[in-house]
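Below: the structure, in structure tokens.
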Amino acid sequence: MIRKAVIPAAGFGTRFLPASKSQPKEMLPIVDTPVIQYVVEEAVASGITDILMIIGRGKRSIEEHFDRNFELEEELIEQGKEQELTLIRHISSLANIHFVWQKELNGLGDAISYAKNHVGDEPFAVLLGDTIVRSKEPVTRQLIEIYERYQESVVALEEVELDKVSRYGIAGGEEIAERIYLISTLIEKPSPEEAPSRLAIAGRYVLTPEIFQYISLIKPGKNNEIQLTDALALMAESSAMYGYHFEGKRYDIGNKLDFIKTNIIFALEREDMKKELMDFLKEIVSDRKNSR
């Protein structure tokens, strides 16, 4: 049974400067909800009750978001805003959330290593704090089910365009069951010529605690950082590792264009704004066509 999750959220978010200078990119809102709240909600919906967040300098607002704000609650009570009160109290009661600071930003593998004492000898899930994945059954839950079947580490896989493989860790291996791969190789951000496939690691993992041993053995890789993909590749040489081509859709919030697209997609699903937003988008498109 997987009880614990680790959410790395320590990066600078340089692609979102100047907004990310004083506000973590993980706290940027998709409509009215921070990205990282969607990630926590996925973990909770997957049956996880204990979450460790790896944060860094300038990330204090993440802690504050998941803590109670008694002054705000009193204000909402006085104003009779029961719906808003219920909403913010729900955020602070989602799960048992802990925080640890990554002292230096040395890559995702290094960030995960900070979870060693918290995790102990248990398998655990990893959910990247700047990636939303939506599906009928939470993707983390899908990975947990694969782990329960094989009792080995599992990574979520998504097929990407060949010209985008250099953005991700890419897995190669044999499909042994529908959507399930026995991984034989993992390469961090390969060129299209180096890539063993177009199956990219999609920001969700279930890992056995042996991963910490392999993180300690690897040297800095791409971008001179300790890459989790490199540790996984080394681990796969001595034990079975699986990839699951999950059912669902990933929303990468790591760049501005996808961030804007995701906001539009999520807003169009909202009953309180979809009609007006659709009318607005049609008007913009019409104006652009007419101005050519």
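Residues 3 to 294 in my numbering are what the sequence shown spells out, letter by letter. Heads up, the beta-carbon is just placed ideally off N, CA and C, and yes, glycines get one too. In this text, all values refer to a predicted model and were calculated from it rather than measured experimentally.
Less than 8 angstroms divides the Cβ of R206 from the Cβ of V141.
A Cβ-Cβ distance of about 17 angstroms is found for the pair G223 and Q215, leaving them out of contact under the 8 angstroms criterion. Counting every other CB atom within 10 Å of its CB across the protein chains shown gives Q153 a total below 16, marking it as exposed. In the DSSP assignment, the residues bridged to E177 are Y183.
In the three-state reduction of the DSSP assignment, R252 falls in the strand class, which pools E and B.
Taking a cut-off of 8 angstroms on C-beta distances, the region 270-281 does not touch the region 169-186, as fewer than three cross pairs fall below it. Rounded to whole angstroms, P26 and E73 show a C-alpha spacing of 23 angstroms. S115 sits close to I217, with the two beta carbons spaced by under 8 angstroms. With the rule of 3 Cβ pairs closer than 8 angstroms, the region 48-60 counts as touching the region 6-14. Here R206 is bridged, per DSSP, to L129. DSSP lists G171 as the beta-bridge partner residues of E190.
Around H100, the same chain offers L54 as residues with beta carbons nearer than 6 angstroms, after the five sequence neighbours per side are excluded.
C-alpha of G82 to C-alpha of F248: approximately 43 angstroms in a straight line.
Between the region 123-136 and the region 35-44, the count of Cβ pairs shorter than 8 angstroms is three or higher; the stretches touch. Between K258 and R59, the C-beta gap is not smaller than 8 angstroms, which leaves the two residues out of contact. A235 places its beta carbon less than 8 angstroms from that of L188. The residue from I79, P211, Y246, Y170 with its alpha-carbon nearest to that of T231 is Y170. For N119, the enclosing alpha helix (DSSP H) covers residues 118-121. At the C-beta level, L201 and G245 come within 8 angstroms of one another. In the structure shown, M237 falls within a helical segment according to DSSP collapsed to helix, strand and coil. Contact annotation: H67 and P36 have beta-carbon atoms nearer than 8 angstroms. Less than 8 angstroms separates the beta-carbon of A233 from that of G111. With respect to I213, M237 sits close: the two C-beta atoms are nearer than 8 angstroms. The straight-line gap separating the alpha-carbon atoms of D274 and E139 is approximately 26 angstroms.
For N98, the enclosing beta strand (DSSP E) covers residues 98-103.
Pairing F126 with I185, the inter-Cα distance amounts to about 19 angstroms. Scanning the region 47-77 for uninterrupted alpha helix (DSSP H) segments of 4 residues or longer gives 62-67, listed from N- to C-terminal end. If you draw a straight line from the Cα of E271 to the Cα of I90, it comes to about 21 angstroms.
Here V46 is near A97, since their CB atoms are less than 8 angstroms apart.
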